[in-house]
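J.:
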Amino acid sequence: MTYKKIFFKYIIIFLLVVFVINTIFFIGQQSVRKILESDRFFSFMMRNVMLNIDKLSTYEPTTEEKNKFIKNLEKIKKQWALD
6 MTYKKIFFKY IIIFLLVVFV INTIFFIGQQ SVRKILESDR FFSFMMRNVM LNIDKLSTYE
66 PTTEEKNKFI KNLEKIKKQW ALD
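Residues in the sequence shown are numbered consecutively from 6, following the working numbering.
In structure tokens form, the structure reads like this:
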């Protein structure tokens, strides 16, 4: 076999692999879009958000947790400070 035939085979295989990967990502993107736009997913997320808001509204942090939170905020302020 000449190098042209070998080169042609590898080009065909490469294009086939690119096509398969592109198709997989396209199908995956469409599936994710259907899931995200579905009413069941929206109601599931809404219910979880409501449950989390209820839990957070009754949350009473300890003084240790408050101090850790304040320290973390100070670190963030120092990192993002413009001189």
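We put the CB at the ideal spot given by N, CA and C, even for glycine.
(1) For residue 31 versus residue 40, is the C-beta spacing smaller than 7 Å?
(2) Would residue 60 pass as an interface residue toward chain B - the criterion being a Cβ-Cβ separation below 7 Å?
(3) So for residue 61, helix, strand or coil by DSSP?
(4) Alpha carbon to alpha carbon, what distance is there between residue 77 and residue 27?
(5) Grouping DSSP H, G and I as helix and E and B as strand, with all else coil, what is residue 43?
T.: Concretely, from the data shown:
(1) no
(2) Of the protein chains in this structure there is only one, and it is not chain B.
(3) helix
(4) 43 Å
(5) coil
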